[in-house]
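Residue numbers (the numbering used here): 399 to 615.
Below, the structure is given as structure tokens:
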């Protein structure tokens with residue numbers, strides 16, 4: 399069983415897949431899908447879309463098949479019909495996982511909120527130092543690539559390729575709480591160096607040659 403953090407309707411939430419539920423409760427996936435569709439017929443479209451999100455997976459034969467992502471409440475509605483001692487143990491285990499992953503999600507959200515102020519400080523420092531003007535409006539992305547290399551060993555382009563993301567998607571939505579903390583710590587160091595009058599080449603050499611990832615931990 400696996401509870402994950404996924405995007406449903408453009409919002410990050412804790413979810414489990416219908417495929418995972420079918421495997422855990424030893425049911426045919428088609429029967430789980432049918433039960434979910436039956437729930438959809440009993441409630442409004444808006445209520446259903448807040449609980450279940452139609453997705454897909456690739457089967458062992460290479461065929462792409464439909465599955466649903468479901469929130470904790472969606473899972474609760476579905477699992478109401480699963481009875482017996484074994485089913486109860488699985489339901490309790492899922493609830494425990496939902497609780498744990500929701501704590502992780504809350505931690506990520508708090509760090510992202512803190513990150514807004516940190517990014518603004520870096521942006522202001524770059525503007526006041528005229529670095530942004532010198533780099534024709536690309537200073538923030540240029541310095542961010544240095545920061546990502548310190549923390550991840552890769553720039554934004556290669557991180558997007560690794561996560562399979564488009565340019566429109568926010569990379570930081572896919573960082574863990576600890577990764578967000580590390581990024582923000584290095585951002586603060588870079589902001590301080592910019593405010594001290596250091597130039598791009600000096601900052602790049604310093605942050606890439608010093609183990610700032612350890613300082614950020």
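Glycine included, C-beta positions come from ideal geometry on N, C-alpha and C.
Would you give the residue range spanned by the beta strand (DSSP E) that residue i belongs to?
i: residue 429; result: It is not in any beta strand (DSSP E) - residue 429 instead sits in the alpha helix (DSSP H) that spans 427–440.
i: residue 563; result: Taken as a continuous stretch (DSSP letters only), residue 563 belongs to no beta strand (DSSP E), as it is neither H nor E.
i: residue 409; result: 409–415
Grouping DSSP H, G and I as helix and E and B as strand, with all else coil, what is residue i?
i: residue 478; result: coil
i: residue 552; result: coil
i: residue 401; result: coil
i: residue 469; result: coil
i: residue 499; result: helix
i: residue 586; result: helix
i: residue 533; result: coil
i: residue 545; result: helix
i: residue 574; result: coil
i: residue 488; result: helix
i: residue 528; result: coil
i: residue 619; result: This structure does not reach residue 619, given that the chain is present from 399 up to 615, and the question cannot be answered.
i: residue 595; result: coil
i: residue 424; result: coil
i: residue 523; result: helix
i: residue 418; result: helix
Considering only DSSP beta bridges, list what residue i is partnered with.
i: residue 463; result: 455
i: residue 406; result: 409
Beta carbon of residue i: closer than 6 Å to some heavy atom of the ligand HEM?
i: residue 424; result: For the ligand HEM, the structure offers nothing, since it holds no ligand at all.
For the alpha helix (DSSP H) that residue i lies in, which residues bound it at each end?
i: residue 598; result: 598–607
i: residue 445; result: 443–449
Counting Cβ pairs, one atom from each stretch, are 3 or more of them under 8 Å apart for the stretch 549–563 and the stretch 473–489? Result no; under three Cβ-Cβ pairs closer than 8 Å.
Should the stretch 421–433 be regarded as contacting the stretch 501–520, the criterion being three or more beta carbon pairs within less than 8 Å? The stretch 421–433 makes no contact with the stretch 501–520, as fewer than three CB pairs between them are under 8 Å.
The stretch 510–518 / the stretch 575–586 touching (three or more Cβ pairs under 8 Å): With a cut-off of 8 Å, the stretch 575–586 and the stretch 510–518 count as touching, because enough Cβ pairs lie within range.
Counting beta carbon pairs with one atom in the stretch 467–476 and one in the stretch 440–451, are three or more of them shorter than 8 Å? Enough Cβ pairs lie closer than 8 Å, so yes.
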